Amino acid sequence: MIGILIPVHNEEALLGDCLEAALIAAGHPGLMGEAVTILVVLDSCSDGSAAIAQAYPVQYLEVQARNVGHVRGVGARHLLNQGARWISCTDADSRVAPDWLVAQLALGVDAVCGTVTVDAWSEDFDPAAQIRYLQGYEARDGHRHIHGANLGVSAGAYVRAGGFEPLACHEDVQLVRNLERCGASIAWSHTPQVITSARLDARAQGGFGDYLKSLMHAT
Numbered sequence: 154m155i156g157i158l159i160p161v162h163n164e165e166a167l168l169g170d171c172l173e174a175a176l177i178a179a180g181h182p183g184l185m186g187e188a189v190t191i192l193v194v195l196d197s198c199s200d201g202s203a204a205i206a207q208a209y210p211v212q213y214l215e216v217q218a219r220n221v222g223h224v225r226g227v228g229a230r231h232l233l234n235q236g237a238r239w240i241s242c243t244d245a246d247s248r249v250a251p252d253w254l255v256a257q258l259a260l261g262v263d264a265v266c267g268t269v270t271v272d273a274w275s276e277d278f279d280p281a282a283q284i285r286y287l288q289g290y291e292a293r294d295g296h297r298h299i300h301g302a303n304l305g306v307s308a309g310a311y312v313r314a315g316g317f318e319p320l321a322c323h324e325d326v327q328l329v330r331n332l333e334r335c336g337a338s339i340a341w342s343h344t345p346q347v348i349t350s351a352r353l354d355a356r357a358q359g360g361f362g363d364y365l366k367s368l369m370h371a372t
């Protein structure tokens, strides 16, 4: 079984699109009928995110942590306990490509660090900041970006690396560093595709949204 892990904190505006894309990826013929479990972990949600998750054929858990590392760790353990051999992580403000899972698994490695494509830039994001982002981003194989929105790992490698640590941000970076220390084979690939939002109201302090915001003030 393959698990898709999606942490959620007040994502009612984008969660439906995220889940629809994940369900399409879960049904890709290239998976040869292998079961895929989509798990939504609702963290301290006060909006309609829970109702949206309940409306789709996915599993969901509710926690009160306000800590994305803790949330991903809880979700990963849940999927492992159900027999997941591979865990693919994305974010609730992101949409995975139809062949996302197939592309990750085809690389034949212990872990996959994929790239992201930023969705329509908001009017608040000035053109100079967009240029700074594009100049600094490596949308190619061999990149060194780490995104929780596009990350996959085998069950064995995840356990050997100690899993997600309960960090408020950069839990994905820490997992990859631990995977490297364990000697895991990692593909830094541009093939598995994910579209993510360009919003500046970040859910995780210090995460991708805050990075985009920092580009607004760069010189």
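To get the working numbering, take the position in the sequence shown, counting from 1, and add 153.
We put the beta carbon where it would ideally sit given N, CA and C, even for glycine.
Quick caveat: nothing in here was measured; it's all calculated off a predicted structure.
Checklist line | P345 versus A204: straight-line alpha-carbon distance, rounded | finding: If you draw a straight line from the Cα of P345 to the Cα of A204, it comes to about 29 angstroms.
Checklist line | First through last residue of the beta strand (DSSP E) which encompasses D279 | finding: Segment: none, D279 is in no beta strand (DSSP E) and carries neither H nor E.
Next item on the list: Would you list the one or two residues that DSSP bridges to T190?
Entry: Assignment of beta-bridge partners to T190 by DSSP yields G156.
Check: Going by other Cβ atoms of all chains shown within 10 Å of its Cβ, with 16 needed for buried, is D325 buried or exposed?
Finding: A buried status is given to D325, since no fewer than 16 other beta-carbon atoms sit within 10 Å of its beta-carbon.
Next item on the list: Measure from the alpha carbon of D196 to the alpha carbon of each residue in V265, R297 and G222, then state which is nearest.
Entry: D196 has its Cα closest to that of G222, out of V265, R297 and G222.
Notebook entry, point to check: Under a three-way DSSP split, which group does C198 fall into?
Noted result: Note: C198 maps to coil in three-state DSSP.
Check: According to DSSP, which residues form a beta bridge with W253?
Finding: Beta-bridge pairing links W253 to no other residue.
Notebook entry, point to check: Roughly how many angstroms separate the alpha carbons of A179 and S241, rounded to a whole number?
Noted result: Straight-line Cα distance between these residues: approximately 11 angstroms.
Check: Does the region 252-267 come close enough to the region 183-202 to have 3 or more Cβ pairs within less than 8 angstroms?
Finding: These segments touch.
Check: Among residues of its own chain, excluding the 5 on either side of T270, which ones have a beta-carbon nearer than 6 angstroms to its beta-carbon?
Finding: Contacts found: I348.
Checklist line | CA-to-CA distance, A351 to D272, given in whole angstroms | finding: C-alpha separation (whole angstroms): 6 angstroms.
Note to self: Is the beta carbon of L176 closer than 8 angstroms to that of I378?
What the structure shows: Residue 378 lies beyond the range of the chain shown here (154 to 372); nothing can be said about it.
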